[in-house]
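The sequence shown begins at 362 in my numbering and counts up by one. Glycine residues also receive a C-beta, built at the ideal position from the N, C-alpha and C atoms.
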Amino acid sequence: MKVFASSDYYKRFVSPLCKANSELTAGKSEISRFSNGEIHALVHDGVDHEECLVIGSVAPPDEQLLTLLTLTDALKRSSATRVVAYLPYLGYARQDKFAPGESGGISLIGALLKSAGVDEVITYDTHSDLDGQLLGLPLVSLSPTQLFVPLVKNLGWSDVTVVAPDKGARSRAKTFAEELGSNQPIAYLVKKRVDGILHFNLVGKVTPRVVVVDDILDTGKTLVSACNMLRIEGVQEIIIAVTHGLFTGEAWKRLFGIGVKQLFVSNSCPEAVAQKHPMVQHVPLNSYLPIDSLYVTKNKKQFEIFAI
Ligand code: R5P
362 MKVFASSDYY KRFVSPLCKA NSELTAGKSE ISRFSNGEIH ALVHDGVDHE
412 ECLVIGSVAP PDEQLLTLLT LTDALKRSSA TRVVAYLPYL GYARQDKFAP
462 GESGGISLIG ALLKSAGVDE VITYDTHSDL DGQLLGLPLV SLSPTQLFVP
512 LVKNLGWSDV TVVAPDKGAR SRAKTFAEEL GSNQPIAYLV KKRVDGILHF
562 NLVGKVTPRV VVVDDILDTG KTLVSACNML RIEGVQEIII AVTHGLFTGE
612 AWKRLFGIGV KQLFVSNSCP EAVAQKHPMV QHVPLNSYLP IDSLYVTKNK
662 KQFEIFAI
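Laid out in structure tokens, this is it:
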């Protein structure tokens, strides 16, 4: 299978992936712009009757989406038989509930990917179990838990509660606690808004040291409120493990003044890679891509979400 990506993702993912998997070889392509700024993709390698993996993103800046679409289109026009899009962070997945009059976020992204020629999508830790259906493409969601857990184990903490910052994050927290070998049941927080202010109720018991596990840190406000609540409940030390770090604004920095000792984040997003805060530790996904996950469509496992 040949692997293609725009320059940013090429440097971070293509070489490590190809080194780690003998079935993958790096493909050459070029993304350029017309003088008025329109994006153009050119595939230099022959891909006639070949399967291709395209690495990229659908998240802002919006040119990432257009780059992915044009590159996929160029591959299909060059007679690639199948294109698998590897999107470490599946943007727009939080737009999974549509009130009347609203746009269809993740479904629209799925339709665009499909029309460009994407046959299957692989990501990490997708936002909800509904995403496969809403995307309208076979979706594999890999779990990064086994990459985070050794880092938490290295801290040598004995009694630890794994905490989900909302109800939707409970299954992620359970997987994390099992992998960690924690003897404590997980705890979770229930979010509610009163007059526009976010309040949390804690469900379950917490030990003085906890690990809070979430899929996305955007502004960090959810985690700041959650950690404040945990402190009120007697928690002294907190570790955060978050898969996708968007790091919008400055609010997330407040975490380190309220008991958070370390924030582990994967390198799924360029924003996380760019973040050089001393308390933020990057967890590389680069060479971790189980080969089986590339063949979901071929194996006819349609619309399935895997936690590998
Ligand atoms: C919400 O359902 C997500 O899992 C995250 O908790 C949320 O997107 C984080 O957003 P922010 O960091 O802006 O609070």
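The beta strand (DSSP E) enclosing residue i, as first and last residue numbers
i: Leu578; result: 570-578
i: Val404; result: 400-404
i: Ala454; result: Careful: Ala454 lies outside any beta strand (DSSP E) and carries neither H nor E.
i: Ser502; result: 500-503
i: Leu550; result: 548-555
i: Leu414; result: 412-416
i: Thr522; result: 522-525
i: Tyr447; result: 443-447
i: Glu481; result: 481-485
Unbroken alpha helix (DSSP H) run spanning residue i, endpoints
i: Ile467; result: 466-477
i: Thr433; result: 424-438
i: Thr506; result: 506-514
i: Ala538; result: 531-541
i: Gln494; result: 492-496
Euclidean distance between Cα positions of residue i and residue j
i: Ile669; j: Ala538; result: The predicted model places Ile669 with a pLDDT of 49, which falls under 50 and marks its position as unreliable, so this point remains unresolved.
i: Leu616; j: Met590; result: 12 Å
i: Val567; j: Glu594; result: 8 Å
i: Ala525; j: Leu436; result: 41 Å
i: Leu472; j: Arg570; result: Looking at the sequence shown, residue 472 is not Leu but Ala. So the alpha carbons of these two residues sit roughly 44 Å apart.
i: Thr658; j: Glu412; result: 12 Å
i: His560; j: Lys458; result: 22 Å
i: His410; j: Leu378; result: 22 Å
i: Gln545; j: Asp520; result: 7 Å
i: Arg533; j: Ser396; result: 46 Å
i: Leu491; j: Thr604; result: 18 Å
i: Thr431; j: Asn562; result: 46 Å
i: Leu500; j: Pro421; result: 21 Å
i: Asn647; j: Arg394; result: 28 Å
i: Val415; j: Ala635; result: 22 Å
i: Ile392; j: Thr506; result: 34 Å
Within-8 Å CB hit, residue i to chain E
i: Ile619; result: Within the model displayed, chain E is absent; a lone protein chain is all it includes.
When the options are compared against residue i, the one with the closest alpha-carbon
i: Val513; options: Ala454, Val408, Glu540; result: Glu540
i: Pro643; options: Gly417, Gly398, Pro631, Lys659; result: The sequence shown places His at residue 643, not Pro. The option with the nearest alpha carbon to His643 is Pro631.
i: Gly417; options: Val573, Gly452, Gly466, Asp492; result: Gly452
i: Thr442; options: Ile652, Lys363, Leu550; result: Lys363
i: Gly407; options: Asn647, Ser390, Leu584; result: Ser390
i: Ser654; options: Pro377, Lys528, Leu448, Ser519; result: Leu448
i: Thr386; options: Phe365, Arg455, Asp369, Ser393; result: Phe365
i: Asp423; options: Val555, Tyr649, Ile470; result: Ile470
i: Thr583; options: Val572, Leu563, His605, Lys552; result: Lys552
i: Ala530; options: Trp518, Ser519, Ile577; result: Ile577
i: Phe374; options: Pro645, Pro651, Leu498, Asp520; result: Pro645
i: Ser368; options: Leu496, Asp579, Ala402; result: Ala402
i: Ala477; options: Arg533, Asn382, Leu426; result: Leu426
i: Val670; options: Val626, Glu384, Gly462; result: Here the chain covers residues 362 to 669 and nothing more, so residue 670 does not appear.
i: Val419; options: Val510, Ala446, Asn660; result: Ala446
i: Arg455; options: Ser543, Asp579, Gly610; result: Asp579
i: Phe608; options: Glu598, Val585, Arg592; result: Val585
i: His638; options: Gly517, Glu384, Thr484, Gly606; result: Gly606
i: Ser671; options: Val555, Ser464, Gly388, Gly465; result: In the structure as shown, the chain begins at 362 and stops at 669. Residue 671 is therefore absent and cannot be evaluated.
i: Leu508; options: His488, Ser376, Ser489, Thr536; result: Thr536
Beta carbon of residue i nearer than 8 Å to that of residue j
i: Gly581; j: Ala612; result: yes
i: Val523; j: Val479; result: no
i: Val596; j: Gly618; result: no
i: Ile600; j: Lys622; result: yes
i: Lys400; j: Thr428; result: The residue you asked about is not Lys; residue 400 is Ile in the sequence shown. Yes; because the gap between Cβ atoms is below 8 Å, this pair is in contact.
i: Leu624; j: Ala587; result: no
i: Gly493; j: Ser468; result: no
i: Ser502; j: Asp486; result: yes
i: Tyr371; j: Ser629; result: no
i: Val482; j: Leu474; result: yes
i: Val572; j: Ala548; result: no
List in chain order: all unbroken beta strand (DSSP E) runs of 3+ residues lying wholly within the stretch 568-647.
570-578, 598-606, 621-627, 641-644
Which ranges would you report for the alpha helix (DSSP H) in the stretch 362-401 if only whole runs of at least 4 residues count?
376-381
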